[in-house]
Amino acid sequence: FRVRVLCSLEETQSLWSEISAAAVTLPLPAVAPTQLRVRLPGSSTLLVSWQSGLLNDCEFVESLVEGQQVGQATWFQPQGCTGLTLLNAYHCTAEALTAGTQYVFRVKTSCADPRSSSSW
């Protein structure tokens with residue numbers, strides 16, 4: 117960018133300023149996945165599915181799935197739901213879960229530039 121003062125008398129206008137240093141705008145992050153569903157329960161498994169959001173400026177790396185036992189504070193990446201690097205993969209089977217336990221899940225899109233990753 118550069119600036120100058122404009123006056124009604126053209127001969128009294130200022131010279132242009134020095135050019136500013138280059139600046140970059142932030143990337144537009146991916147839209148968070150939606151329609152998160154958990155179904156087909158087994159004694160130690162649950163099928164987790166979702167709909168991916170618009171990628172915008174995201175160079176897709178993977179879908180991150182985390183689970184949490186209801187009533188607990190810690191989130192974990194369940195077995196069977198890691199390394200989801202295929203862009204068009206919208207489900208995984210969470211494995212090695214504790215029988216008779218309630219879980220909640222969340223999903224986010226991870227991008228090469230973390231600033232363009234989606235929220236949970």
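Count along the sequence shown from 1, add 116, and you get the number used in the numbering used here.
Using N, Cα and C, we set each Cβ at its ideal position, and we do this for glycine too.
Between the stretch 197-212 and the stretch 163-182, do at least 3 Cβ pairs fall closer than 8 Å? yes
Report yes if the CB atom of Arg118 is closer than 8 Å to the CB atom of Ile135, and no otherwise. For the purposes of this step, residue 118 is identified with residue 2 of the sequence shown, where counting begins at 1. For the purposes of this step, residue 135 is identified with residue 19 of the sequence shown, where counting begins at 1. Yes.
Where does Glu60 fall in DSSP's three states? Outside the displayed range of the chain (117 to 236) lies residue 60, so it cannot be described from this structure.
Using the Cβ count rule (16 or more neighbours within 10 Å means buried), how would you classify Ser232? Here residue 232 refers to the residue found at position 116 of the sequence shown. Buried: at least 16 other Cβ atoms inside 10 Å.
For the beta strand (DSSP E) holding Leu202, just list the boundary residues, first then last. Counted from its first residue, the sequence shown places residue 202 at position 86. From DSSP, Leu202 is part of no beta strand (DSSP E); its letter is neither H nor E.
Helix, strand or coil: which one does DSSP assign to Glu211? Counting from 1 along the sequence shown, the entry for residue 211 is found at position 95. Of the three classes helix, strand and coil, the one that applies to Glu211 here is strand, per DSSP.
Counting beta carbon pairs with one atom in the stretch 170-186 and one in the stretch 217-228, are three or more of them shorter than 8 Å? yes
Please report the distance separating the alpha-carbon of Gln198 from that of Ala139. For the purposes of this step, residue 198 is taken as the residue at position 82 of the sequence shown. For the purposes of this step, residue 139 is taken as the residue at position 23 of the sequence shown. Strictly speaking, residue 198 in this sequence is Thr, with Gln absent from that position. About 36 Å.
Residues bridged to Gln246 by DSSP? With the chain covering 117 to 236 only, the question about residue 246 has no answer from this structure.
Which same chain residues end up closer than 8 Å to Leu152 when comparing Cβ atoms and leaving out the 5 residues on each side of it in sequence? For the purposes of this step, residue 152 is identified with residue 36 of the sequence shown, where counting begins at 1. If you ignore the 5 residues before and after Leu152, its C-beta comes within less than 8 Å of the C-beta of Val164, Ser165, Trp166, Phe221, Arg222 and Val223, all in its own chain and listed in chain order.
Hey, would you say Leu213 sits closer than 8 Å to Pro194, going by beta carbons? Here residue 213 refers to the residue found at position 97 of the sequence shown. Here residue 194 refers to the residue found at position 78 of the sequence shown. Yes, they are a contact pair.
Taking DSSP as the reference, what is the three-state secondary structure of Arg155? Indexing the sequence shown from 1 puts residue 155 at position 39. Note: Arg155 maps to strand in three-state DSSP.
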